[in-house]
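Residue numbers for the sequence shown follow the working numbering, so the first one is 70 and each next one is one higher. Only one structure is covered here, and it is reproduced in the block below.
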Amino acid sequence: MIKKKANIAVFISGRGTNLKALILRSKKKKCNYKVAYVISNKKNADGLKIAKKNKILTKILSRSFLKTEQKKLAKILINKNIKFICLAGFMKILSPYFINFFKNKIINIHPSLLPKYKGLNTHIRALKAKEKFSGCTIHYVSKKLDSGKIIAKKKVKILKKDSLKKLEKRVLKEENKLYPLVIEKLVRS
Ligand code: GAR
């Protein structure tokens with residue numbers, strides 16, 4: 070049994086399947102982390118409902134998210150003893166100023182096999198390029214978009230008749246499996 074679980078914060082913008090997967094895993098006795106805080110830059114993000122259902126503290130960021138607000142949030146997260154910040158479909162780019170508060174503590178999941186297909190619309194780009202594989206990557210967040218040190222990757226085969234929807238669904242399933250396992254491993258190490 071884990072004596073004291075490490076606190077993590079999850080940043081979201083939308084649906085929140087990765088958030089849900091992280092929460093589900095965290096409820097297991099043997100899991101070494103708990104989701105202590107959910108931050109969203111969208112007030113209507115569905116993931117917020119998942120957080121509230123699980124009685125997790127939530128916070129909405131303002132649209133501008135200026136330096137003063139960034140500093141305030143960083144202080145709150147530090148005071149809450151947050152070990153890792155997990156970006157899970159968080160579609161806002163964090164500033165170098167904010168990232169600097171949390172060296173090697175901000176993790177992102179990205180729906181492509183990085184370094185291929187940084188940025189948006191990864192699956193459609195992989196399909197158009199007739200790639201044999203797509204997948205997902207978990208990496209540290211650095212100042213350059215989707216370019217930080219890679220922690221883990223999971224390949225997903227692209228099938229001949231794949232549609233964007235089908236491919237996205239299969240990759241997402243793998244994301245939901247991989248993210249909690251990687252966070253557990255990082256907390257352990
Ligand atoms: C996931 O596919 C995640 O990899 C992607 O957004 C989706 C969020 O889904 N993230 C990015 O594209 C970040 N650049 P979710 O809200 O169901 O977890």
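Virtual Cβ for every residue (Gly too), placed ideally from N, Cα, C.
Nearest-angstrom Cα separation, counted from residue j out to residue i
i, j, result
"Glu243", "Lys112", "27 Å"
"Leu250", "Lys201", "25 Å"
"Asn90", "Ile125", "The amino acid at residue 90 is misidentified as Asn; the sequence shows Ala. If you take the alpha carbons of Ala90 and Ile125, they lie about 14 Å apart."
"Ile178", "Leu156", "7 Å"
"Val256", "Arg94", "13 Å"
"Pro180", "Ile92", "20 Å"
Residue i CB to nearest heavy atom of the ligand GAR below 7 Å
i, result
"Pro180", "yes"
"Arg84", "yes"
"Cys205", "yes"
"Ile108", "no"
"Ala157", "yes"
"Met70", "no"
"Ile129", "no"
"Glu244", "yes"
"Asn113", "no"
"Gly217", "no"
"Ile81", "yes"
"Lys247", "At residue 247 the sequence reads Leu, which differs from the Lys that was named. Every heavy atom of the ligand GAR is 7 Å or more from the Cβ of Leu247, so no."
"Leu236", "no"
"Leu88", "yes"
"Leu241", "yes"
Beta-bridge partners of residue i, as assigned by DSSP
i, result
"Lys226", "Phe202"
"Val79", "Val107, Cys155"
"Asn177", "Leu156, His208"
"Lys128", "Ile108"
"Ala221", "Ile207"
"Tyr102", "Ala75"
Between the segment 206 to 214 and the segment 226 to 240, are three or more C-beta pairs nearer than 8 Å?
no
Touching by the beta-carbon criterion (3+ pairs, under 8 Å), the segment 165 to 175 and the segment 134 to 153
yes
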